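In the numbering used here, each number is its position in the sequence shown, counted from 1, plus 22.
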Amino acid sequence: MSKPLLVRFRDEGSEHGADRATLKEVAKKLGVSETMAIHIAINRMHQRLFPIKHNEEFPSDEALRQIKMENPEKPAVIVDDIRDRLTEHEPEKDR
Numbered sequence: 023m024s025k026p027l028l029v030r031f032r033d034e035g036s037e038h039g040a041d042r043a044t045l046k047e048v049a050k051k052l053g054v055s056e057t058m059a060i061h062i063a064i065n066r067m068h069q070r071l072f073p074i075k076h077n078e079e080f081p082s083d084e085a086l087r088q089i090k091m092e093n094p095e096k097p098a099v100i101v102d103d104i105r106d107r108l109t110e111h112e113p114e115k116d117r
């Protein structure tokens, strides 16, 4: 698994920035987790910017339902600072 990425949302959405409410609305509409909604959005933008690299169309509604079934939403953990979560999982060092 690759390294996590901290995303800071805008207080208000704009043409070049999104607020958290927008992400929640997209995820709900697609019926997927917020993380999956971000992945779908990035992949769709990539397909639009680099169409020659992609032979498939965007996921259909059926494909999105299948994704949701295969990746059930796990309870989210909200943290103020990602470093707090990372230190919780570090193995204890020998003393």
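We put the CB at the ideal spot given by N, CA and C, even for glycine. As the structure is a computational prediction, the values presented were derived from the model and not from experiment.
If I measure Cβ to Cβ from Ile90 and keep anything under 7 Å in the same chain, skipping five residues before and after, which residues do I get?
Sequence check: residue 90 is Lys here, not Ile. Exclusion of the five residues before and after Lys90 leaves Gly53, Val54 as the residues of its chain whose Cβ lies within less than 7 Å of its Cβ.
Quick one: residues in its chain with C-beta nearer than 7 Å to the C-beta of Asp41, no 5 flanking neighbours on either side, listed in chain order?
Phe31, Arg32, Asp33, Glu34, Gly35
Can you grab the Cα-Cα spacing for the pair His38 / Ala63, in whole Å?
14 Å
Within 10 angstroms of its Cβ, does Ala49 collect 16 or more other Cβ (buried), or is it exposed?
buried
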